[in-house]
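For the sequence shown, the positions run 1081 to 1167 when my numbering is used.
Just so it is clear, CB atoms sit at the ideal spot from N, CA and C, and this is done for glycine as well.
Being a predicted model, the structure only gives us computed values, none of them experimental.
Note sheet for the following structure.
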Amino acid sequence: MFKSKDFVRAVEFTDFASIQMIVQLTGMGMTLDVSPTGSLRSITLKNGTTTVVAIPGQFVYKTNTGTVGVCNLEYLEENFEEVTPAE
């Protein structure tokens, strides 16, 4: 039997306010896709050859090994035990 030592920190991408937390978490450059009406469609995070795209409602995560990705809440709940409550 094996147990993983991996952990992730994740931020839900919900609106403009969550963008600052995502940038702090990932340390990646970012571009926004905004509709003509001003609603946020997606964010694209870039760092060298890595590109990650998230839409509102998804979580942006960073693992303890530095991998950045996008997932839904179900993925986090199925693969990790929450150790700090969501804010």
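Nearest to residue i (by Cα), restricted to the options the options
i       : options                               : result
Ile1135 : Val1091, Asp1086 and Lys1085          : Val1091
Thr1129 : Ser1122, Pro1116 and Thr1147          : Thr1147
Gly1107 : Leu1120, Val1114 and Thr1124          : Thr1124
Ser1119 : Val1103, Thr1164, Lys1126 and Ala1097 : Ala1097
Contact test: residue i Cβ vs the ligand MN heavy atom, cutoff 7 Å
i       : result
Thr1147 : For the ligand MN, the structure offers nothing, since it holds no ligand at all.
Proximity below 8 Å, CB of residue i to CB of residue j
i       : j       : result
Asn1144 : Asp1095 : no
Phe1139 : Asn1152 : yes
Val1132 : Gly1109 : no
Leu1105 : Lys1142 : yes
Exposure of residue i, with buried meaning 16 or more beta-carbon neighbours within 10 Å
i       : result
Val1088 : buried
Checklist entry - Which parts of the region 1110 to 1162 are runs of the alpha helix (DSSP H), unbroken and 4 residues or longer, counting only runs that do not cross its ends? => result Runs found: 1153 to 1159.
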